[in-house]
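Please read the structure below before turning to the comments.
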Amino acid sequence: VTRFDTNAVHASAPQSDVHGALRTPVYDTAAFEFADSATLQGAFEGRQPAHTYSRSTNPTVEAFEQGLNTLAGGLGTVATASGMAAITEVVMALGGRDAKVVTSRYVFGNTISLLTKTLGRWGLDVQFVDMRDMAAVASAIDDRTALVFLESITNPQLQVADVAAIAEAAAGKGVPVVLDGTATTPYLFRSRDFGVAIEVLSTTKYVAGGGTSIGGAIIDTGRFDWRRHGRLADAARRFGPHALLATLRREVHRNLGGCLAPHNAYLQSLGLETLALRVERSCANAMTVAQRLAGRAGVLSVNYPGLPGSPDHAMAQRQFGDRYGGILTFELADKVACFRFMDNLTLIRRATNIGDNKTLALHPASTIYCEYKADELAPLGVSHRMIRLSVGIDDPDDVLEDLDRGLAAL
Ligand SMILES: Cc1ncc(COP(=O)(O)O)c(C=O)c1O
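Take any residue in the sequence shown, count from 1 to its spot, add 47: that is its number in this note's numbering.
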């Protein structure tokens, strides 16, 4: 058994490449040929593990999946084209007509749009609860509930719920918890230790690191007994603990076509190697920036789970080992002030990503949430006064100097 940093550099590297390559090559091919028809049939039937077609599996993608899975301590991992593809596949694997998802309004805006609009049209029912209100969570879970969905640190509200308590309440009713761990990654939060059934990730963010490519992942932590899930009970009889993974590989992932491209898998495997270093540095830099930004003229408030005044501080401290992620938000007087501030930055980039090596700033209300009217924003925990900062691995002194440049323009 090796440790996180060791697994990060070794787990997706090949053990026996024909040329001794230390990195899994990019297998940029759509299909794989077979010596004879019987072997090809065996591969399709799953009797002999083999790659047949890169929409289903691919060696470069598989190496990335194995690396990530080792870091998460999972049962198995399926890499996807994006974080949104990962969420879509999980909901489509576990849900169905009239199924219900219990979640929070404090999740990524596109996730809300996916659940309520895109999948809502196919009959999915969504019930929003406050994930910090355990009584509300427990009473929302009923026999139509296919899954409970939450984020480890919600984006951009930065709320942190008691994951173990929610997982226990859900498991008691035979319902799996799906956690979007994009903001924490398996480095800060080992979701299987908190009873999470499935972790989904946008690997576009911290895993890729340099903002090189879009990607996602579905990690079955192995903690949920799929025999207890109505939709997967048949698969559980056939595939045992691998019911979800088999349903994804043999049906949902294959049919939806949300596969990760081999070249992107290669880029993301590179990112995986340095995940711990970058997340550690981003967390430290975000803490420095949050502490020093609080009290600056023009800044009405700073929201960061690392600040002792944050309502989520204690929970984050307990769950994430005294590290609080790389994202913080702060409030300025109004939208005009936010735009003037943003437009006077010269180092920090104006962009919508998080988890990039570069520090990025965004005005969420006018971008990710631009479809919502002003009065619809408050329940989503977003306001026109809010700036989101994803603090990278650039020097926090330079980041603070640039923030001061923006503030000085107000
Ligand atoms: C928490 C969270 N989940 C999911 C996503 C979607 O991921 P992707 O952009 O890789 O589809 C994002 C950001 O885009 C996110 O911030």
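Using N, Cα and C, we set each Cβ at its ideal position, and we do this for glycine too. Treat the numbers as computed from the prediction; the structure is a model and nothing was measured.
Within a Cβ cutoff of 8 Å, which residues of the same chain sit near residue 157, ignoring the five residues on either side of it in sequence? 131, 415
Here's the rule I'm using: 16 or more other beta-carbon atoms within 10 Å means buried, otherwise exposed. How should residue 252 be labelled? buried
Which ranges does the beta strand (DSSP E) cover as unbroken runs of at least 3 residues, wholly within the segment 99 to 149, from first to last along the chain? 123 to 127
Any heavy atom of ligand 1 within a distance shorter than 7 Å of the CB on residue 155? yes
Give the list of continuous beta strand (DSSP E) stretches no shorter than 3 residues that lie fully inside the segment 252 to 279. 263 to 267
Cβ shell of residue 286 (< 6 Å), same chain only, five flanking positions each side left out: 293
Anyone know if the C-beta pair for residue 290 and residue 270 falls short of 8 Å? no
Whole angstroms are fine: how far does the CA of residue 226 sit from the CA of residue 50? 23 Å
Run the CB neighbour count on residue 66, radius 10 Å, all protein chains shown included, and call it buried at 16 or more, exposed below. exposed
According to DSSP, is residue 418 part of a helix, a strand, or is it coil? coil
Taking its Cβ as the centre, do 16 or more other Cβ atoms sit within 10 Å of residue 95, making it buried, or is it exposed? exposed
If you count every other CB in all the chains shown that lies within 10 Å of the CB of residue 144, and 16 or more means buried, which is it? exposed
Do residue 167 and ligand 1 come close, with the Cβ less than 7 Å from some heavy atom? no
Return yes when the C-beta of residue 131 is under 7 Å from any heavy atom of ligand 1, and no when it is not. yes
Measure the alpha-carbon distance for residue 403 versus residue 248 and round it to whole angstroms. 15 Å
Quick check on DSSP: helix, strand or coil for residue 332? helix
Could you give the DSSP three-state label for residue 403: helix, strand or coil? coil
Residue from 423, 435, 122 whose Cα sits closest to the Cα of residue 471: Since the first residue shown for the chain is 48 and the last is 457, residue 471 is missing from the structure and cannot be characterised.
Please work out which residues of its chain come closer than 8 Å, Cβ to Cβ, to residue 57, disregarding the five sequence neighbours upstream and downstream, and give them in chain order. 49
So, using beta-carbon positions, are residue 246 and residue 266 closer together than 8 Å? yes
Contacts around residue 100, its chain only, beta-carbon distance under 6 Å, and the 5 residues preceding and following it disregarded: 78
Can you name the residues that DSSP bridges to residue 387? Note: residue 387 sits in no beta bridge, so no partner.
Is residue 401 near ligand 1, going by C-beta to nearest heavy atom under 7 Å? yes
Assign residue 448 to one of three DSSP states: helix, strand, or coil. helix
Whole angstroms is fine: what's the gap from residue 434's alpha carbon to residue 240's? 33 Å
Output the boundary residues of the beta strand (DSSP E) element that contains residue 192. 192 to 198
Span of the beta strand (DSSP E), counted from its first residue to its last, around residue 435: 433 to 437
Boundaries of the alpha helix (DSSP H) in which residue 12 is found, first to last residue: Any property of residue 12 remains undetermined from this structure, which presents the chain solely from 48 to 457.
For the putative contact between residue 193 and residue 278, defined by C-beta atoms under 8 Å, what is the C-beta separation to the nearest angstrom? 6 Å
With residue 294 as the anchor, note down where its alpha helix (DSSP H) starts and where it stops. 290 to 294
From 165, 200, 174, 202, residue whose alpha carbon lies closest to that of residue 474: Nothing can be reported for residue 474, as the shown portion of the chain is limited to 48 through 457.
Start and end residues, alpha helix (DSSP H) containing residue 202: No alpha helix (DSSP H) holds residue 202; DSSP gives it neither H nor E.
Between which two residues does the alpha helix (DSSP H) containing residue 316 stretch? 309 to 320
Look at residue 128 and residue 305 and say whether their C-beta atoms are less than 8 Å apart. yes
Decide if the segment 174 to 186 is in contact with the segment 201 to 209; the criterion is three or more beta carbon pairs, one per stretch, under 8 Å apart. yes
Just the Cα atoms here: how many angstroms apart are residue 427 and residue 211? 24 Å
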